[in-house]
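Novice: In UniProt numbering, the protein residues as written are 1 to 209.
See the structure below:
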């Protein structure tokens, strides 16, 4: 069980968007946290609270409830509560108790989560790694963008679409006899350009029927 004390600042592991929380009360069974920025109150089991203690270190820039900022040089602790010591914007030496930290401080960025010890399980990393690896393999597939359409492809359509889509700046005029698949070829080319990030928008003009 973590050592909770009223006035301490904690962050929710599952709801980082709530901002900085303040311990209102705690006992051996439960702990109640007020997230002032969102005006939300949460009560957790003291033994399994999904909370991470927020502790800033030297060089961190923190904000007070009054709006002024402090660059942390040092800190001291008394009765479980931390007071940060450093310089404000005017270069004056100041102290900022953790209870006076701004509720709106967010910790949803990777660096912030790392510095506050808010890390995920290793299996989540493995899943993300395997997903990115699989995505990379898909992007390297020579048939990328050519295998999705539900059409009966003719070899010359695949050849033309692949040849044109490989060009750095495709500028072509597709001119075949009627029924040989110019529309399909254009769609395949456009599909690959969109999937590879080489095109974001397309303007398609058609003559009246």
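Glycine included, each C-beta is placed from N, C-alpha and C at the ideal position.
Taking the beta carbon of residue 202 as the centre, do at least 16 other beta carbons fall within 10 Å, making it buried, or is it exposed?
Specialist: It counts as exposed.
Novice: Is residue 1 helix, strand or coil when you go by DSSP?
Specialist: No answer about residue 1 holds up, because its pLDDT of 43 lies below 50 and its placement is not dependable.
Novice: Have a look at 52, 47 and 40 and flag the residue whose alpha-carbon is nearest the alpha-carbon of residue 30.
Specialist: It is 47.
Novice: Can you tell me whether residue 159 is buried or exposed, with buried defined as 16 or more other CB within 10 angstroms of its CB?
Specialist: With fewer than 16 Cβ atoms within 10 Å of its Cβ, residue 159 is classed as exposed.
Novice: Taking only beta-carbon atoms, is residue 85 less than 8 Å away from chain B?
Specialist: Protein chains in the displayed structure number just one, and chain B is not present.
Novice: Would you mind stating whether residue 181 and residue 104 have Cβ atoms separated by less than 8 Å?
Specialist: No, the Cβ-Cβ distance between residue 181 and residue 104 is not below 8 Å.
Novice: Would DSSP call residue 35 helix, strand or coil?
Specialist: Residue state, collapsed to three classes: strand.
Novice: For the structure I just gave you, are there three or more beta carbon pairs, one from the stretch 166-182 and one from the stretch 139-147, closer than 8 Å?
Specialist: Cβ pair count under 8 Å is below three, so no.
Novice: How long is the line joining the alpha carbons of residue 145 and residue 129, rounded to whole angstroms?
Specialist: Spanning the two alpha carbons is a distance of roughly 23 Å.
Novice: Between which two residues does the beta strand (DSSP E) holding residue 72 run?
Specialist: Taken as a continuous stretch (DSSP letters only), the beta strand (DSSP E) holding residue 72 covers 69-78.
Novice: Roughly how many angstroms lie between the CA atoms of residue 14 and residue 50, to the nearest whole one?
Specialist: For residue 14 and residue 50, the distance between alpha carbons rounds to 7 Å.
Novice: Is it right to say residue 157 is buried, meaning 16 or more other beta carbons lie within 10 angstroms of its own, or is it exposed?
Specialist: Residue 157 is buried by the Cβ-count criterion.
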